[in-house]
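Protein chains: 2
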Amino acid sequence: MNFELHPSLAKQAIIINLPLCQVLLHDESLYPWVILVPRKANMSKIMDLSKQDQWQLMQEIDLTGHIIWDLFHPKQLNVAALGNKTPQLHIHVIGRQENDPAWPNTVWDHPNTLPYTIAQKEHLLNLLQTAFNQKSIEQDINT
Amino acid sequence: MNFELHPSLAKQAIIINLPLCQVLLHDESLYPWVILVPRKANMSKIMDLSKQDQWQLMQEIDLTGHIIWDLFHPKQLNVAALGNKTPQLHIHVIGRQENDPAWPNTVWDHPNTLPYTIAQKEHLLNLLQTAFNQKSIEQDINT
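In the order they appear, the protein sequences are chains Z and F.
Residue 38 in this note's numbering sits at position 38 of the first sequence, with consecutive numbering throughout.
Residue 36 in this note's numbering sits at position 36 of the second sequence, with consecutive numbering throughout.
In structure tokens:
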């Protein structure tokens, strides 16, 4: 079986494909929120990945964290693989601010929600794509 | 500055020291819930760790996931580095069941809570220590 996005993930816009993960922009303007989906079929938990893919995933989490940090200057990063509602393995990387609606609680069960406008989403996708392209090149140079 | 546990983490019982992390049993009997704390000073986010420590952390997340999976047969694993309330880097590894109080939501902001009895905690610490010692040996043999 080939890799296919779960319907709840397929609704999100694709930012870029990294070596392992498809990187999605979660449609929630209250937080800078990116989702990494390893492009492997039938994965539900981090430990379902091979050791090599686990290492690649960690590098892509690190890359994504740096990008969110540099672009949005959050107070903290929340990184999580949950999968209770969407069983396909996906990793949330979320920048948190002390004045965001859910702080200091987690974002997943928070009632407030505000999708991006089309213009906001286009702007953000552009910004993130540029950052991923730039940072991926830097990472290649430094390793 | 040397590694020291944040007061909210220091309240939890120590299961074992792995090469990178101190492994804690979170005192919440509603879920099998283990916390990995990298034994490095001044760490708040995964990306604060060196690449080598990130790789070690991933191996210890994988090891912990397998132990929870084998001992408690959960439906899903939740793995998360949050740090909104406790800024010291720590990673939650939680076994989730379809009949646990918070399912399918996350556990962090759920109102139900039930600490272990002393006897339960002692039993569980014993079980987990034996499993970590056994699995660590297996992992060494297989790498």
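Quick reminder that beta carbons are idealized off the backbone N, C-alpha and C, glycines included.
Remember, it's a predicted structure, so these values are computed and weren't measured experimentally.
Using the Cβ count rule (16 or more neighbours within 10 Å means buried), how would you classify residue i?
i: Z/Ile118; result: exposed
i: Z/Lys85; result: exposed
i: Z/Ile46; result: buried
i: F/His92; result: buried
i: F/Thr130; result: exposed
i: Z/Asp70; result: exposed
i: Z/Pro32; result: buried
i: Z/Ile35; result: buried
Using a Cβ cut-off of 7 Å, pull out every chain Z residue sitting near residue i, in sequence order please.
i: F/Trp33; result: Ordered by position in chain Z, no residue passes the 7 Å Cβ test against F/Trp33, which lies about 14 Å from the chain.
i: F/Thr106; result: Leu82, Thr106, Trp108 and Asp109
i: F/Lys135; result: Within 7 Å Cβ-Cβ: nothing; F/Lys135 doesn't reach chain Z, min ~12 Å.
i: F/Lys85; result: Pro104
Along the alpha helix (DSSP H) that carries residue i, what are the first and last residues, could you check?
i: Z/Ile61; result: Lys51 to Phe72
So, for residue i: in the same chain, excluding its five sequence neighbours on each side, which residues have a beta-carbon less than 8 Å away from its beta-carbon?
i: F/Pro101; result: Leu30, His110 and Asn112
i: Z/Leu49; result: Pro38, Lys40, Met43, Leu57 and Leu89
i: Z/Pro115; result: Asp27, Glu28 and Ser29
i: Z/Asn2; result: Ala41
i: Z/Ala81; result: Lys45, Ile46, Leu89, His90, Ile91 and His92
i: Z/His66; result: Lys135
Assign residue i to one of three DSSP states: helix, strand, or coil.
i: F/Gln12; result: coil
i: F/Ala102; result: coil
i: F/His92; result: strand
i: F/Ala41; result: coil
i: Z/Asn17; result: strand
i: F/Pro111; result: coil
Under DSSP, the beta strand (DSSP E) around residue i begins and ends at which residues?
i: Z/Trp33; result: Trp33 to Pro38
i: F/Asn78; result: Gln76 to Ala81
i: F/Val23; result: Cys21 to Leu25
Residues of chain Z with CB closer than 9 Å to the CB of residue i, please, in chain order.
i: F/Ile46; result: Met58, Ile61, Asp62, Gly65, Leu77 and Val79
For residue i, return the contacting residues in chain F, with the cut-off set at a CB-CB distance below 7 Å.
i: Z/Gln54; result: Met58 and Asp62
For residue i, which residues of its own chain have a beta-carbon under 7 Å away from its beta-carbon, when the five flanking residues on both sides are left out?
i: Z/Glu98; result: Lys75
So with CB distances below 8 Å, who are the chain F contacts of residue i?
i: Z/Arg96; result: Asn84
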